[in-house]
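Protein sequences, first through last, are from chains U and R.
Position one of the first sequence corresponds to residue 1 (the UniProt record's numbering), numbered consecutively onward.
Position one of the second sequence corresponds to residue 1 (the UniProt record's numbering), numbered consecutively onward.
Scroll down for the structure; my scribbles are underneath it.
Number of protein chains: 2
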Amino acid sequence: MIFRMERVEQAEIEGRTPRKRRAILAAATEVFLSHGYLGASMDEVAAKAGVSKQTVYKQFENKERLFAEIVLGTSDQLLDGLQQAYVDTLEGAADAREALRALAHRLLQSLTADSVLQLRRLVIAEADRFPEVCGAWFNSGFEKSLDALGQALTRLSDRGLLKRLDDPTLAAYQFAGLVMYKPMNRAMFAGTRQRPKPGELEKLADQAAEVFLAAYGLERSAR
Amino acid sequence: MIFRMERVEQAEIEGRTPRKRRAILAAATEVFLSHGYLGASMDEVAAKAGVSKQTVYKQFENKERLFAEIVLGTSDQLLDGLQQAYVDTLEGAADAREALRALAHRLLQSLTADSVLQLRRLVIAEADRFPEVCGAWFNSGFEKSLDALGQALTRLSDRGLLKRLDDPTLAAYQFAGLVMYKPMNRAMFAGTRQRPKPGELEKLADQAAEVFLAAYGLERSAR
DNA sequence: ATGAAGAACTAGACCGTACAGTACTCATCA
DNA sequence: TGATGAGTACTGTACGGTCTAGTTCTTCAT
């Protein structure tokens, strides 16, 4: 009886085929992220998904399509996460300095997560092999999230917390560059090996906010 | 007679073995940069170097060592080139704004060269497979060049063209982030495909200088 | 200068392994 | 009962690295 209920419950959520498909995607994500495209083997994907190779090839035409599906599937998650960070830290903030510090800190936290770094490495590594896929990921994930940041900054400006922004997207890239350039490069090049020192991220966040405010803050809020 | 003279000339420059070795390194650089570590084949390296596989394995123990040799060999070139850019644009400059603009422009030019981008992709892609090599490249190439920029900025500050810098290296990273974050990310993720629009780099350079000066410029030089 | 001696090089066969993708048989689910 | 999946063997290919046999360069004593 219990067995039957469980079966029904699962079936209500999704059938066997989509369930397998999701398992394959999850496994393939793991394998591609940790070994790269060429280093990933379809045997390992199938094994890790608890599925036969035949099933993998029923769901995905070949290795390339599987790769594309995975990369493009991550754009949305990334975008949603960052959008949320903008809302949490900027909307409703009373003080620009505090808001920007909080945002910087939040960006550092989310973008230096291992899975994010691995995905970035994967996309960069395969940019030449799959220019369409990687270009699409960049446009609909990376660039879109910076545009969204530009809009969030504009709202801050509309609320009288920043100067008027002639080019919000540029300002967004500048802020991101101030915050992320150092830690992101280290994380990308030096692998998971070299961790930043405890206080470093805080200092980075604070100083980035300071420089940004010097250029875009209202005079009275200058330190 | 002519033939003989050519032979002598070449022998004067370098013997057969180092000549072959250099040919192998050049070919391997090309192959690794364009196909990645796993995508590169030793057969192709040998063929492109005009050398037999045996010779490759006489000079380099195996594929991994060849890779390491190539990656580490590029640190110095990169560093020298950037050091030169700092000297050319900052030393002897009379106006901070103009100097920073020129530097930004120069950085954009040199760091978006195809070979530089391909090398960065390669190092990032293999950061997990070869953490020591890639970490060493990062420390002795990337970080060192930023430290050098910090020192160059300090000299600018000593000459009374910038505020006193509490943390020159941080300031260097901030300047680099302001300048490079957008174009470098695009170049890395979107491949050689998406070229920046003509005026874009100039605007990026100018605006980066502007923001940097707002934070680190002397009051009288504020716009 | 000459001419062995020996090192370095070539060309390509070869070995073992790994992998993408397919085929086939038997079990399982709807 | 008919489709889907498991398990697994198989095919073709590619690659890292070694081996061999024959060729060319370098060196150094004469």
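Virtual Cβ for every residue (Gly too), placed ideally from N, Cα, C.
Kindly give me the distance between the Cβ atoms of residue i and residue j, rounded to whole angstroms, as I take these residues to be in contact under 8 Å.
i, j, result
"residue 187 of chain R", "residue 74 of chain R", "Wrong, their Cβ atoms sit about 17 Å apart, outside the cutoff."
"residue 25 of chain U", "residue 64 of chain U", "Going by Cβ atoms, the distance from residue 25 of chain U to residue 64 of chain U rounds to 15 Å, so no, they are not a contact pair."
"residue 234 of chain U", "residue 122 of chain U", "Since the first and last residues shown for chain U are 1 and 223, residue 234 of chain U lies out of range."
"residue 133 of chain R", "residue 178 of chain R", "Actually they do not touch by this definition, with Cβ atoms about 30 Å apart."
"residue 182 of chain R", "residue 173 of chain U", "4 Å"
"residue 37 of chain R", "residue 129 of chain R", "7 Å"
"residue 104 of chain R", "residue 171 of chain R", "The Cβ separation is near 14 Å, so there is no contact."
"residue 191 of chain R", "residue 127 of chain U", "4 Å"
"residue 79 of chain R", "residue 144 of chain R", "6 Å"
"residue 100 of chain R", "residue 213 of chain R", "7 Å"
Give me the chain U residues within the contact set of residue i, using Cβ-Cβ distance strictly less than 7 Å, ordered along the chain.
i, result
"residue 194 of chain R", "135"
"residue 160 of chain R", "What residue 160 of chain R touches in chain U: nothing, since even the nearest Cβ is about 19 Å away."
"residue 95 of chain R", "Going along chain U, no residue has its Cβ under 7 Å from residue 95 of chain R, so there is no contact; the nearest lies around 19 Å."
"residue 123 of chain R", "189"
"residue 128 of chain R", "191"
"residue 176 of chain R", "181"
"residue 131 of chain R", "191 and 193"
For the alpha helix (DSSP H) that residue i lies in, which residues bound it at each end?
i, result
"residue 29 of chain R", "16 to 39"
"residue 192 of chain U", "First-last for residue 192 of chain U: undefined, no H or E at that position."
"residue 50 of chain U", "Per DSSP, residue 50 of chain U belongs to no alpha helix (DSSP H) and is neither H nor E."
"residue 198 of chain R", "198 to 216"
Measuring only the C-alpha atoms, how far is residue i from residue j?
i, j, result
"residue 60 of chain R", "residue 184 of chain R", "33 Å"
"residue 96 of chain R", "residue 91 of chain U", "36 Å"
"residue 48 of chain R", "residue 27 of chain R", "6 Å"
"residue 1 of chain R", "residue 51 of chain R", "Low local confidence applies: a pLDDT of 31 at residue 1 of chain R is under 50, so the model's placement there is unreliable, and no value is given."
"residue 189 of chain R", "residue 124 of chain U", "5 Å"
"residue 215 of chain U", "residue 180 of chain U", "18 Å"
"residue 221 of chain R", "residue 219 of chain U", "Summary for residue 221 of chain R: the model assigns pLDDT 43, below 50, so the residue's position carries little reliability, and this model does not support an answer."
"residue 3 of chain R", "residue 34 of chain U", "Residue placement at residue 3 of chain R cannot be trusted, given a pLDDT of 34 that sits under 50; the coordinates are not used to answer."
"residue 142 of chain R", "residue 83 of chain R", "12 Å"
"residue 156 of chain U", "residue 56 of chain U", "48 Å"
"residue 8 of chain R", "residue 20 of chain R", "Because the pLDDT at residue 8 of chain R is just 37, under 50, the model does not fix this residue reliably, and the value given afterwards should be weighed accordingly. If I take the Cα positions, the gap works out to 17 Å."
"residue 107 of chain R", "residue 115 of chain U", "30 Å"
"residue 23 of chain U", "residue 85 of chain U", "29 Å"
"residue 197 of chain R", "residue 17 of chain U", "46 Å"
"residue 40 of chain R", "residue 40 of chain U", "16 Å"
"residue 102 of chain R", "residue 150 of chain R", "16 Å"
"residue 10 of chain R", "residue 46 of chain R", "Because the pLDDT at residue 10 of chain R is just 35, under 50, the model does not fix this residue reliably, and the value given afterwards should be weighed accordingly. Using only the alpha carbons, I get a separation of about 21 Å."
"residue 195 of chain U", "residue 44 of chain U", "30 Å"
"residue 54 of chain R", "residue 154 of chain R", "52 Å"
"residue 81 of chain U", "residue 110 of chain U", "8 Å"
"residue 6 of chain R", "residue 169 of chain U", "For residue 6 of chain R, the predicted model reports a pLDDT of 36, less than 50, meaning its position is unreliable and no value from the coordinates is stated."
"residue 15 of chain R", "residue 139 of chain R", "34 Å"
"residue 161 of chain U", "residue 42 of chain U", "53 Å"
"residue 206 of chain R", "residue 205 of chain U", "24 Å"
"residue 76 of chain R", "residue 152 of chain U", "42 Å"
"residue 118 of chain U", "residue 29 of chain U", "10 Å"
"residue 223 of chain U", "residue 202 of chain U", "Confidence at residue 223 of chain U is low in this model, with a pLDDT of 45, below 50, so the placement of that residue should be treated as unreliable; the coordinate-derived value is given next. Each residue's Cα considered, the two are about 18 Å apart."
"residue 89 of chain R", "residue 158 of chain U", "38 Å"
"residue 217 of chain R", "residue 200 of chain U", "24 Å"
For residue i, go through chain U and note every residue whose CB falls closer than 9 Å to its CB, in chain order.
i, result
"residue 186 of chain R", "138, 142 and 143"
Check the Cβ of residue i against every Cβ in chain R and list those closer than 8 Å, keeping chain order.
i, result
"residue 61 of chain U", "Those do not exist, as residue 61 of chain U stays about 21 Å from chain R at its closest Cβ, beyond 8 Å."
"residue 210 of chain U", "215"
"residue 38 of chain U", "36, 38 and 39"
Can you name the residues of chain R whose CB is closer than 7 Å to the CB of residue i?
i, result
"residue 173 of chain U", "181 and 182"
Anything in chain R within Cβ reach of residue i, meaning under 9 Å, just list it in chain order.
i, result
"residue 153 of chain U", "Ordered by position in chain R, no residue passes the 9 Å Cβ test against residue 153 of chain U, which lies about 13 Å from the chain."
"residue 170 of chain U", "182, 203, 204 and 207"
- Task: Could I get the ranges of all uninterrupted alpha helix (DSSP H) runs contained in the segment 81 to 155 of chain U, with 4 residues as the minimum, in chain order?
- Result: 96 to 111, 114 to 125 and 131 to 137
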